[in-house]
Amino acid sequence: MVKHNNVIPSGNCKKDWQSYVKTWFNQPARKQKRRIARQKKAVEIFPRPTSGPVRPIVQCQTLKYNMKARAGRGFTLEELKAAGIPKKLAPTIGISVDHRRKNKSLEGMQSNVARLKTYKAKLVIFPRRARKAGDSTPEELANATQVHGDYMPITRGEKRSVEVMKVTGEMKAFKAYGKLRVERMNQRQLGARLKKAAEAEKEEKK
Numbered sequence: 060m061v062k063h064n065n066v067i068p069s070g071n072c073k074k075d076w077q078s079y080v081k082t083w084f085n086q087p088a089r090k091q092k093r094r095i096a097r098q099k100k101a102v103e104i105f106p107r108p109t110s111g112p113v114r115p116i117v118q119c120q121t122l123k124y125n126m127k128a129r130a131g132r133g134f135t136l137e138e139l140k141a142a143g144i145p146k147k148l149a150p151t152i153g154i155s156v157d158h159r160r161k162n163k164s165l166e167g168m169q170s171n172v173a174r175l176k177t178y179k180a181k182l183v184i185f186p187r188r189a190r191k192a193g194d195s196t197p198e199e200l201a202n203a204t205q206v207h208g209d210y211m212p213i214t215r216g217e218k219r220s221v222e223v224m225k226v227t228g229e230m231k232a233f234k235a236y237g238k239l240r241v242e243r244m245n246q247r248q249l250g251a252r253l254k255k256a257a258e259a260e261k262e263e264k265k
């Protein structure tokens with residue numbers, strides 16, 4: 060091993076350095092190209108919003124991020140039913156649908172149902188051919204404008220307050236791990252205990 064703080068006695072680090080240099084001179088042109096593409100897309104999908112279909116509010120996954128809210132893939136069938144929107148009609152009026160997602164929170168379902176109802180109240184439906192039931196009136200069609208940018212963006216809620224309390228002697232004496240083990244064992248043995256009790260009751264009747 061070489062001693063002291065000497066120059067590295069090898070030129071391998073300096074060979075073919077031009078291959079490892081990356082430039083980004085086309086960045087301004089790329090930016091302009093994306094802007095023009097957004098404008099063309101807005102003209103093609105008029106009068107629909109430029110941000111695409113409306114999406115639900117869901118909680119992020121894992122213990123690290125589950126306090127944060129984000130846009131989900133689509134509304135569940137239960138949410139659409141509660142809002143009074145047929146599942147086959149929803150994709151045609153700019154509502155994303157996800158038949159695989161399940162509602163595990165009543166609060167989350169209620170917020171998404173309210174989101175759907177708000178969207179439905181603001182919705183302007185253009186007739187494809189002849190005007191039929193459910194289409195907007197000619198006055199609403201004349202005043203309709205295309206929505207640019209995020210439509211019904213997800214707003215961050217207020218920071219949750221932390222409740223501070225004094226630790227009592229009862230809390231210190233409580234064995235949380237042992238309690239969890241006992242309850243887990245009770246849950247596992249529930250079926251066997253019910254079966255045993257049913258058999259015992261059956262024997263008593265004899």
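If you read the sequence shown in our numbering, its first letter stands for residue 60, the second for the next number, and so on. All residues carry an ideal CB built from backbone N, CA and C; glycine is no exception.
With distances taken between CB atoms, is the gap from residue i to residue j smaller than 9 Å?
i      : j      : result
SER155 : ILE116 : no
TYR178 : GLY153 : yes
ALA130 : GLN118 : no
ARG114 : THR135 : no
Near residue i, which residues of its chain fall below 6 Å by C-beta distance, leaving aside the five closest residues on each side in sequence?
i      : result
PRO108 : VAL206, TYR210
ALA88  : none
Name the residue from the options whose alpha carbon lies nearest to the alpha carbon of residue i.
i      : options                        : result
ASP157 : GLN91, LYS264, PRO112, ALA173  : PRO112
THR151 : GLU166, ILE184, GLU229         : ILE184
GLY133 : ASN162, GLY143, GLN120, TYR124 : ASN162
ALA201 : PRO186, ALA256, ILE67          : PRO186
Check the C-beta distance from residue i over to residue j and give it rounded, since I have them as a contact under 8 Å.
i      : j      : result
GLU138 : LEU182 : That belief does not hold up - the Cβ atoms of GLU138 and LEU182 are roughly 16 Å apart, past 8 Å.
VAL172 : ALA149 : Not really, about 13 Å apart at Cβ, beyond 8 Å.
ALA180 : PRO106 : Actually they are not in contact, since the Cβ atoms of ALA180 and PRO106 sit about 17 Å apart, beyond 8 Å.
What residue range does the beta strand (DSSP E) around residue i cover?
i      : result
ALA201 : Note, ALA201: premise wrong, no beta strand (DSSP E); alpha helix (DSSP H) at 197 to 202.
ILE116 : 116 to 118
ALA128 : 128 to 130
The alpha helix (DSSP H) that contains residue i, what's its start and end?
i      : result
ALA173 : 165 to 181
GLY250 : 235 to 264
Spatial neighbours of residue i within its chain, please: CB distance less than 7 Å, with the 5 preceding and 5 following residues excluded, ordered by chain position.
i      : result
ALA192 : none
I'd like the list of long-range same chain contacts for residue i, defined as Cβ closer than 8 Å, with 5 residues on each side in sequence excluded.
i      : result
ILE213 : ILE116, ALA128, ARG129, ALA130
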